[in-house]
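Just below is one structure, and these are the notes that go with it.
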Amino acid sequence: EAGVTQSPRYAVLQEGQAVSFWCDPISGHDTLYWYQQPRDQGPQLLVYFRDEAVIDNSQLPSDRFSAVRPKGTNSTLKIQSAKQGDTATYLCASSFGGSQNTLYFGAGTRLSVL
Amino acid sequence: GDSVTQTEGLVTLTKGLPVMLNCTYQTTYSPFLFWYVQHLNEAPKLLLKSSTDNKRTEHQGFYATLHKSSSSFHLQKSSVQLSDSALYFCALSDLSGSFNKLTFGAGTRLAVCP
Numbered sequence: 001e002a003g004v005t006q007s008p009r010y011a012v013l014q015e016g017q018a019v020s021f022w023c024d025p026i027s028g029h030d031t032l033y034w035y036q037q038p039r040d041q042g043p044q045l046l047v048y049f050r051d052e053a054v055i056d057n058s059q060l061p062s063d064r065f066s067a068v069r070p071k072g073t074n075s076t077l078k079i080q081s082a083k084q085g086d087t088a089t090y091l092c093a094s095s096f097g098g099s100q101n102t103l104y105f106g107a108g109t110r111l112s113v114l
Numbered sequence: 115g116d117s118v119t120q121t122e123g124l125v126t127l128t129k130g131l132p133v134m135l136n137c138t139y140q141t142t143y144s145p146f147l148f149w150y151v152q153h154l155n156e157a158p159k160l161l162l163k164s165s166t167d168n169k170r171t172e173h174q175g176f177y178a179t180l181h182k183s184s185s186s187f188h189l190q191k192s193s194v195q196l197s198d199s200a201l202y203f204c205a206l207s208d209l210s211g212s213f214n215k216l217t218f219g220a221g222t223r224l225a226v227c228p
């Protein structure tokens, strides 16, 4: 079974530049999560979707970050104008419904903002 | 809100020794606890999960028991191997919601030496 696929694996930007991260969840998984993992910290939830609908984006810095999942499958997370404080690994995870179902994570995109 | 505390940032051990990684949590809801393991440059993977009070759960030689009285879910192994070197995260969800929205601890890095 294919896992969660993320691209790119690495990104290096100057402050003010834009970047997009792409996630392909496990086939059939209706729920998709984006987490931000700063260096030496645990992942922190940014946004999650059920199918194409945003369920909770309250932790997403809305002035610069956006996330979409237009067909309820793949998802894109975009940073409009990156800051040094955005340096982190961005993890995508998917699951099939339910509060007791396991989250499966991708390997992440490691972002460095100079 | 929910929170998870992992007190050790780094644990260094010699192969063959036992290990316990601490995890305590705070929530006002019925807790569901997880341990994820993340090897270098890989995705976090589920190691253990439990929502049953005072019942030991085991996987791949690791085990943990959820103790609601002390809000703890410590991870243990009787004899660590070199391949156990990784970052270990404790995470919390609650059974009241419709989604598995995880709150992670800061993580404990386990380094096993020959």
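Top line first, the protein sequences correspond to chains Z and R. When the first sequence is numbered by the working numbering, its final residue is 114 and no position is left out of the sequence of numbers. When the second sequence is numbered by the working numbering, its final residue is 228 and no position is left out of the sequence of numbers. Think of the CB as a built atom: it goes at the ideal place given N, C-alpha and C, for glycine as much as any other residue. These figures come from a predicted structure and were not determined experimentally.
At a C-beta separation below 9 Å, residue 215(R) has these neighbours in chain Z: 33, 45, 48, 55, 56 and 99. If you look at residue 163(R), you'll find it in the beta strand (DSSP E) that goes 159 to 164.
Restricted to the stretch 182 to 211 of chain R, the beta strand (DSSP E) segments that are unbroken, complete and at least 3 residues in length are 189 to 191 and 200 to 208, listed in chain order. The distance from the Cβ of residue 46(Z) to that of residue 21(Z) is about 11 Å, inconsistent with a contact at the 8 Å cut-off. In the DSSP assignment, residue 4(Z) falls outside any beta strand (DSSP E), carrying neither H nor E.
Within 7 Å of the CB of residue 156(R), the CB atoms of chain Z belong to 107, in sequence order along the chain. In summary, the residues of the stretch 131 to 161 of chain R whose CB is separated from some CB of chain Z by less than 9 Å are 146, 148, 150, 152, 155, 156, 157, 158, 159 and 160, in the order they occur in the chain. Pairwise C-beta distances place the stretch 185 to 203 of chain R out of contact with the stretch 13 to 27 of chain Z, as fewer than three of them are shorter than 8 Å.
Around residue 3(Z), the same chain offers 26, 104 and 106 as residues with beta carbons nearer than 8 Å, after the five sequence neighbours per side are excluded. Beta-bridge analysis with DSSP links residue 48(Z) to 33(Z) and 56(Z). Cβ-Cβ separation between residue 95(Z) and residue 31(Z): approximately 5 Å, consistent with a contact (criterion under 8 Å). Using a Cβ-Cβ cut-off of 8 Å, residue 115(R) does not count as an interface residue toward chain Z, since no Cβ of chain Z sits closer than that to its own. Look at the beta carbons and you see the stretch 161 to 169 of chain R not touching the stretch 122 to 137 of chain R: under three pairs across the two are nearer than 8 Å. Segment contact: the stretch 47 to 55 of chain Z against the stretch 143 to 159 of chain R, fewer than three CB-CB distances shorter than 8 Å; contact not assigned. For residue 79(Z), the enclosing beta strand (DSSP E) starts and ends at 75 to 79. Taking a Cβ-Cβ cut-off of 9 Å, the neighbours of residue 102(Z) in chain R comprise 148, 160, 163 and 214, given in sequence order. The Cβ-Cβ distance between residue 125(R) and residue 218(R) does not fall below 8 Å. Contact holds between the stretch 152 to 160 of chain R and the stretch 195 to 214 of chain R, because three or more Cβ pairs, one in each stretch, are under 8 Å apart.
Cβ contact annotation for residue 43(Z) (same chain, cutoff 6 Å, sequence separation greater than five): 35, 37 and 91, in chain order.
Taking 8 Å as the threshold, the shortest C-beta distance from residue 72(Z) to chain R does not fall below it. The C-beta of residue 12(Z) comes no closer than 8 Å to any C-beta of chain R.
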